[in-house]
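What follows is a set of notes on a single structure, which appears directly below.
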Amino acid sequence: MQLEAELALDEWEHAFRTQQEAAVSAATAAFPPLQRMPYPTGCCDLRMNWEQDGLGEGTVCVDDQARGTLEFRGMPKQPVADALDTLMGKGWFDHAPDGIAAAGAGTYYWCDEDFGGEWEVKVVEGDLVDMSMDFMRIPDVIGVLDTLHTALIGE
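According to our numbering, the stretch in the sequence shown is residues 4 to 158, in order.
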C-alpha cells in the first residue's frame, strides 16, 4: 500500500475509534447505570451492561459499523411504555395501534426502513417489558436511553 494511503487509513481508523468511544460516553451519560464491560465482552468490543432491582437489566453494544444494539429486560411496563409512546408516538408498532402503554401481553415490532433499525417490545406477565433495538443509529440509541433513564429513575 502506498505510504499516503496507509497514513490516511490510519487517520481514518483513529477517528473511527474516537467516534466509537464518544458513543460509549454518550450512552453512559444518557443512562448512568450502564457500566462498560471489560474485553472480551462476548459480543461487540464496546459493550455496556446494567442491572437494578425492580427496574430491570440489559446491555448496550456499539458495533464496528457505528451502530448500536440495546437489549433490556424486566422493566416495569407503565413508565417504559409511556416513555416509548411519548418518544415515538402511537401506532408505530405492529398490532399496537394505541401504543405500547395500551397494549396487552404480546410482542410488538417496528422496522425503521430508512436506516435499517429494528425494534421489538415484549409485554410480558407481571406488567414487565423487554425491549430490543438492533442496528440503530447512535443518536437514536442515545435518545432512547435518555428517555428510558428519565422514565425509570426520574432524574
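Ideal Cβ placement from N, Cα and C applies to all residues, glycine included.
Terminal residues of the beta strand (DSSP E) in which residue i lies
i	result
Pro79	70-79
Gln55	49-55
Glu60	59-65
Nonlocal neighbours in the same chain, by C-beta distance under 6 angstroms from residue i, ignoring five residues either side
i	result
Glu123	Tyr112, Ser135
Gly94	Pro100
Asp130	Lys80
Ala108	Val126
Glu121	Cys114, Asp137
Residue i to residue j span [Cα, whole Å]
i	j	result
His17	Glu128	46 angstroms
Val144	Leu73	7 angstroms
Gly102	Val65	28 angstroms
Glu24	Leu49	8 angstroms
Phe138	Leu6	34 angstroms
Leu90	Ile156	17 angstroms
Asp133	Phe96	14 angstroms
Which residues DSSP lists as bridging residue i, in chain order
i	result
Glu121	Cys114, Asp137
Gln38	Asn52
Gly92	DSSP, once it has assigned bridges, lists no residue as partnering Gly92.
Gly157	In DSSP, Gly157 forms no bridge with anything.
Gly109	Val126
Contacts around residue i, its chain only, beta-carbon distance under 7 angstroms, and the 5 residues preceding and following it disregarded
i	result
Gln22	Ala69
Gln55	Pro36
Status (buried if at least 16 other CB within 10 Å, exposed otherwise) for residue i
i	result
Ala32	exposed
Cys47	buried
Ala105	exposed
Delimiting residues of the alpha helix (DSSP H) encompassing residue i
i	result
Glu128	Where Glu128 is concerned, there is no enclosing alpha helix (DSSP H), given that its DSSP letter is neither H nor E.
Gln22	6-33
Residue i: CB within 6 angstroms of a non-hydrogen atom of the ligand FAD
i	result
Asp67	Absent from the structure shown: the ligand FAD. Ligands present: none.
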